[in-house]
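Notes to accompany the following structure.
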Ligand SMILES: Nc1ncnc2c1ncn2[C@@H]1O[C@H](COP(=O)(O)OP(=O)(O)O)[C@@H](O)[C@H]1O
Ligand SMILES: [Mg+2]
């Protein structure tokens with residue numbers, strides 16, 4: 001279980017997340033974190049990853065207060081993929097994923113993660129052909145996929161991904177969300193993904209959290225959270241959520257609540 005209780009996060013004197021309490025999230029759930037630009041999504045993820053100490057409140061994972069354990073212990077349980085792409089070091093993709101696996105010491109079965117395990121993950125991500133390429137010679141999207149591989153290989157209990165699809169084409173966006181859902185369900189992870197594409201959130205996630213100005217606007221099943229009214233309030237758009245011919249809910253934006261001046 002992931003429990004967020006009365007969490008308050010600030011930069012200097014500016015409150016960004018104000019007294020946020022979430023309904024506990026169970027293992028095996030892929031949850032989309034949604035909200036407008038500058039609203040505190042990245043700040044919330046950084047606080048959960050232990051990179052920003054909360055001013056108040058707690059992040060509790062499976063009964064352990066993540067604020068009360070040391071960095072190494074937390075790194076075994078929590079993996080955070082920042083919004084920026086991984087640094088362009090002159091290292092082969094395969095090596096970089098192996099290094100990442102070893103950074104969290106041992107894999108779940110107690111053994112060291114080997115080349116075969118890494119190659120298998122790269123294959124499942126559709127980037128095994130890049131294994132021997134150098135990171136600093138990859139495209140933005142390819143680097144983003146390697147970042148996702150580096151995060152997944154560590155098999156955390158809590159996986160925090162900040163806009164992991166931002167540089168990916170349509171095919172890889174779908175592929176990555178599919179793989180994240182599989183990994184989350186099979187291994188009982190708790191995965192939080194910051195997304196801007198609401199249709200992807202509707203199709204691929206088990207739950208959604210919608211925040212605005214650091215406050216919770218909604219949490220629950222995707223189609224319960226993503227509604228025309230919520231989108232008007234949150235993003236200032238006139239939008240409809242309608243089911244497509246295959247029954248999947250889709251967001252259609254008709255205009256802005258107030259035309260841009
Ligand atoms: N390091 C920082 N120092 C001060 N303010 C910051 C810092 N990082 C982000 N902010 C501010 O915090 C607010 C929330 O930012 P962020 O969490 O990155 O938003 P989001 O990820 O939802 O777009 C913004 O107003 C931003 O300007
Ligand atoms: Mg952000």
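Numbering (full-length UniProt numbering), first residue to last: 1 to 261.
Backbone N, C-alpha and C fix where the C-beta goes; we use that ideal spot for every residue, glycine too.
For residue 34, the closest C-alpha among the options 258, 252, 216 is that of 216. The straight-line gap separating the alpha-carbon atoms of residue 236 and residue 212 is approximately 11 Å. For residue 45, the uninterrupted alpha helix (DSSP H) segment begins and ends at 41 to 48.
Judged by their CB atoms, residue 172 and residue 140 are not nearer to each other than the 8 Å cut-off. Closer than 7 Å to some heavy atom of ligand 1: that does not describe the Cβ of residue 77. In the displayed model, residue 89 falls within coil according to three-state DSSP, outside both helix and strand.
Residue 59 and residue 163 have their C-alpha atoms spaced approximately 21 Å apart. In this structure residue 20 is not in contact with residue 30, their Cβ atoms being roughly 20 Å apart against a cut-off of 8 Å. Under DSSP, residue 208 takes part in a beta bridge, and its partners are 32, 220.
One thing to note: residue 251 has its Cβ no nearer than 8 Å to the Cβ of residue 160.
Any heavy atom of ligand 2 counts here; residues with a Cβ closer than 7 Å to one of them, in chain order, are 41, 42, 83, 162, 163, 194. The C-beta distance from residue 91 to residue 135 rounds to 5 Å, short enough to meet the 8 Å contact threshold.
In the displayed model, residue 146 falls within a helix according to three-state DSSP. Remark: the C-beta of residue 172 is outside contact range of ligand 1, defined as less than 7 Å to any heavy atom. For residue 243, there is no enclosing alpha helix (DSSP H); the enclosing beta strand (DSSP E) covers residues 237 to 243.
For the pair residue 50 and residue 5, the CB atoms are not nearer than the 8 Å cut-off. Membership of residue 14 in the beta strand (DSSP E) is indicated by the continuous run 14 to 20.
Annotated three-state conformation of residue 56 is strand, per DSSP. Cβ atoms of residue 151 and residue 121 stay farther apart than 8 Å, at about 10 Å. DSSP places residue 117 inside the alpha helix (DSSP H), whose first and last residues are 115 to 125. By the Cβ rule, the region 85 to 105 does not count as touching the region 178 to 196, because fewer than three pairs are nearer than 8 Å.
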